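Here's the structure, in structure tokens; my notes come after.
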Amino acid sequence: MTSNFKIYKRIFFSIIFLSFSFLGFSQSNTSTVKTQFALGVNSPSANGFVSNFEAKSINFPSINLGIQYMFKPQFGAKLDFGYNRFSNLNNTPDFKVNYTRLNAQLVYDASKIFSFLPQRVGTFVHGGPGFSTIKPLGNYTQNDNSFLNVMAGMEFHYGVSDKLSVYLDASYILGLGKAFNPEANGFGSFNGNVLTITIGASISLSGCQYCD
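My numbering applies: residue 193 is where the sequence shown begins, and numbers increase by one.
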């Protein structure tokens, strides 16, 4: 548990470091470099568990932290870290799972396509590869698992000011892990897909030094 905490702490501070690195080379536009954080719920796929294990359809929390850089007005990239916790459904074996991921994603500003939405609403599509780490808790702590993933999602932003927007994000994380044998690999692990729905804030780190 301690070693995992140290790894997550390094990832968090790496994202913070990248935030300030991007800030040093940013343009004057407030949309160029942004940091994001969001909180919400998740729903893991049922086929990601071994037989008799089943998770709740809606679980809390899902936490996302990231840094986004738009190298063109409509195109950009972001690096983000996600933490998800899900637990067993009633009348199934007791378990809890920590699901963490790190993804590098491309970002597309699709606001022009959704031009019928109010002017202060922006729409972004994002997707890209990443790495997932599974840490079962309780009676199954020895059954760690890790695998590659591909993630895609859509964000709807509402501009509060030039520096700040609040947003709703719906993302699907496709797990690329191989099926595991419960007799060889143990129960309580997970290698499936996860749907997340989060609400967060996007804060500009570039430009607009004298905004109100």
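For glycine and all other residues, C-beta sits at the position ideal for the given N, C-alpha and C.
If you're wondering where the values come from, they're calculated on a predicted model, not measured in any experiment.
query: Given Asp336 as reference, the closest of Gly345, Thr325, Ser353 once Cα atoms are compared; result: Thr325
query: Val242 to Tyr332 span [Cα, whole Å]; result: 13 Å
query: Pro265 to Gln311 span [Cα, whole Å]; result: 16 Å
query: Coil, strand or helix - Gly369 by DSSP; result: coil
query: The segment 359 to 366 in contact with the segment 390 to 397 per 3-pair CB rule at 8 Å; result: yes
query: Phe252, DSSP secondary structure in three states; result: strand
query: Nearest residue (CA-CA) to Leu294, options Met343, Glu246, Asn251, Ala302; result: Met343
query: Member of Leu356, Leu309, Asp301, Leu257 whose CA lies at the smallest distance from the CA of Phe273; result: Leu257
query: Spatial neighbours of Asn280 in its chain, beta-carbon cut-off 8 Å, leaving aside the 5 residues before and after; result: Phe245, Glu246, Ala247, Lys248, Asp286, Phe287, Lys288
query: Boundaries of the beta strand (DSSP E) in which Val225 is found, first to last residue; result: 225 to 236
query: Pick from Pro321, Ala371, Tyr359, Gly319 that is closest to Thr444, judged by C-alpha positions; result: The chain is shown only over 193 to 404; residue 444 falls outside these bounds and no answer can be derived.
query: Burial state of Asn383, where buried means 16 or more other Cβ atoms lie within 10 Å; result: buried
query: Val313: CB within 8 Å of a non-hydrogen atom of the ligand NAP; result: This structure lacks the ligand NAP; in fact it carries no ligand of any kind.
query: Local conformation of Gly384 per DSSP, three classes; result: coil
query: Val317 and Val299 closer than 9 Å at C-beta; result: yes
query: Option in Asn283, Asn251, Lys304 with minimal Cα separation from Phe348; result: Lys304
query: Cross-strand partners of Tyr332 (DSSP beta bridge); result: Note: Tyr332 sits in no beta bridge, so no partner.
query: Local conformation of Asn239 per DSSP, three classes; result: helix
query: Cα-Cα separation between Tyr275 and Gly367, rounded to whole angstroms; result: 15 Å
query: Ile250 classed as buried or exposed, judged by whether at least 16 other C-beta atoms fall within 10 angstroms; result: exposed
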